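Take a look at the structure below.
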Amino acid sequence: MQIGMIGLGRMGSNMVRRLVNAGHECVIYARTPATVAKVAAYGATGVASIEELIERLTPPRALWLMVPAGAVDDTVAQILPHFSANDILIDGGNSYYVDDIRRAKEVAQSGVKWVDVGTSGGVFGLERGYCLMIGGDEASVKSLDPIFKSLAPGRGSVDRTPGREKLPASTAEDGYLHCGPSGAGHFVKMVHNGIEYGIMGAYAEGLNILKHANAGKTVDSTDAETTPMRNPELYQYDFALPEIAEVWRRGSVVSSWLLDLTATALAASPELTEFGGRVSDSGEGRWTSIAAIDEGVPADILTTALYARFTSREGSIFADKLLSAMRFQFGGHEEKKA
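Letter by letter, the sequence shown follows residues 6 to 343 in my numbering.
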């Protein structure tokens, strides 16, 4: 099948390579010519402009966008004048599902179809495949099935879920799923990433407790500004975190791919000295929390994990200063220096 791709970052470039390896014809564009040339070397057709890309696609066209969420509207504005009825635009980035609903209505005025695809797999997708959560009209999604099937991991060596044989056949077992109408794919991916924040936060907090399980060996002198450790003799452990992460991978109920990656990181650098601990968020965690508020359902863990990322970026510094100021005002407590 022929498909265009705009955006050749870490995921976009590997998706093109996976599609080319599966026998699909990919016409590709990115703002940097060197990037286009690099990916084209794997068998794709590189072009110098969006207009040229569209000209090379045979109607009805299918064009996949792998650009940052903030760049989608501008990119669509460049594409739409050159598109025709029944052409399909696919947004595979981390866009807000609310924007998909709006964009689907806007492009429909020209007869163009909109498909949103929540894409998970990161830098390992080339080999492992990509988990795809898809939103859009049924006919458009069905027409793109060869693309989705090639990008997805397939059943591979994953054991079948007990009881699945009693359920209707579904592409979910192959790693891709039409979740519903416009926005549904990115809604499911949004919550997926919110869960990801929570799992990552749980591993980080748990391993941090183990990291500091030797706190009893370095008990500071007691003063009025420090809560004393009641039983320092209970915290005398020097745990080897790479080994603990490794043993958890094998038979533990907390094993997962994220734990595999954590163990890899700790094996390479037990103290993680190359990282500063400033954790970004690309939007999905925020949107998941907003959805929970709108739906009136609790999401304590996911929201707390999001706030922890804000704290890591020094978002709490002024609040922390206020706490120190209030303690000084009401009790004359001098702030201890680090």
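Cβ coordinates follow ideal geometry from the N, Cα and C atoms, glycine included. Values in this document were obtained by computation on a predicted structure and should not be read as measured data.
Outcome for residue i when other beta-carbon atoms lying within 10 angstroms are tallied against a minimum of 16
i      : result
Gly281 : exposed
Asn213 : exposed
Ile33  : buried
Trp262 : exposed
Thr316 : exposed
Ser18  : buried
Phe88  : buried
Ala27  : exposed
Glu210 : exposed
Ile59  : buried
Met4   : The chain is shown only over 6 to 343; residue 4 falls outside these bounds and no answer can be derived.
Asn219 : exposed
Gly199 : buried
Thr232 : exposed
Ile322 : exposed
Ser260 : exposed
Arg283 : exposed
Thr227 : exposed
Other residues of its chain near residue i: CB distance less than 8 Å, five sequence neighbours each side excluded
i      : result
His29  : Met6, Gln7, Ile8, Pro151, Ile152, Ser155
Val77  : Leu70, Asp96, Gly98, Ser100, Asp104, Arg108
Glu143 : His183
Arg285 : It is Ser, not Arg, that sits at residue 285 in the sequence shown. Contacts found: Arg314, Arg318.
Arg133 : Gly126, Pro158
Given residue i as reference, the closest of the options once Cα atoms are compared
i      : options                        : result
Gln114 : Lys147, Pro303, Ala304, Asn91  : Asn91
Leu149 : Glu289, His183, Arg165, Gly159 : His183
Gly168 : Glu178, Gly221, Gly159         : Glu178
Gln83  : Tyr102, Val112, Thr63, Pro65   : Val112
Phe230 : Asp79, Gly301, Phe333, Ala53   : A quick correction: the sequence has Glu, not Phe, at residue 230. If we check each option's Cα against that of Glu230, Phe333 comes out closest.
Ser287 : Val258, Lys194, Leu266         : Lys194
Met138 : Gly256, Val163, His197         : His197
Asp265 : Arg254, Gln241, Ala273         : Arg254
Leu307 : Glu300, Arg291, Asp299         : Arg291
Ile204 : Asp299, Gly134, Arg133, Thr309 : Thr309
Ala67  : Gly256, Gly185, Ile11          : Ile11
Cβ separation of residue i and residue j, assumed to be a contact under 8 Å, to the nearest whole Å
i      : j      : result
Gly123 : His191 : 5 Å
Tyr202 : Leu311 : 6 Å
Pro247 : Leu271 : 4 Å
Val72  : Leu94  : With a Cβ gap of about 12 Å, Val72 and Leu94 do not count as contacting.
Other residues of its chain near residue i: CB distance less than 7 Å, five sequence neighbours each side excluded
i      : result
Val224 : Met234, Pro237
Ser145 : Ile93, Lys118, Val120
Ser329 : Glu340
Arg15  : Val128
Thr176 : Leu182
Phe244 : Leu215, Ala218
Ala189 : Gly140
Ala42  : Gly51
Arg61  : Val32, Thr50, Val52
Gly221 : Met234, Pro237, Glu238, Leu239, Tyr240, Gln241
Simplified DSSP state of residue i, which is helix, strand or coil
i      : result
Val41  : helix
Asp223 : Here residue 223 turns out to be Thr, not Asp, going by the sequence shown. DSSP places Thr223 in helix when its eight states are reduced to three.
Tyr34  : strand
Lys110 : helix
Thr269 : helix
Thr124 : strand
Lys118 : strand
Ala297 : helix
His183 : strand
Gly130 : helix
Thr50  : strand
Leu70  : strand
Asp228 : coil
Leu277 : coil
Asp96  : strand
Leu13  : coil
The ligand FAD heavy atom lying under 7 Å from the CB of residue i
i     : result
Asp96 : With respect to the ligand FAD, the structure offers nothing, as it holds no ligand at all.
Close Cβ partners of residue i (< 6 Å) along its chain, the five nearest in sequence each way excluded
i      : result
Tyr47  : Arg22, Val25
Ala296 : none
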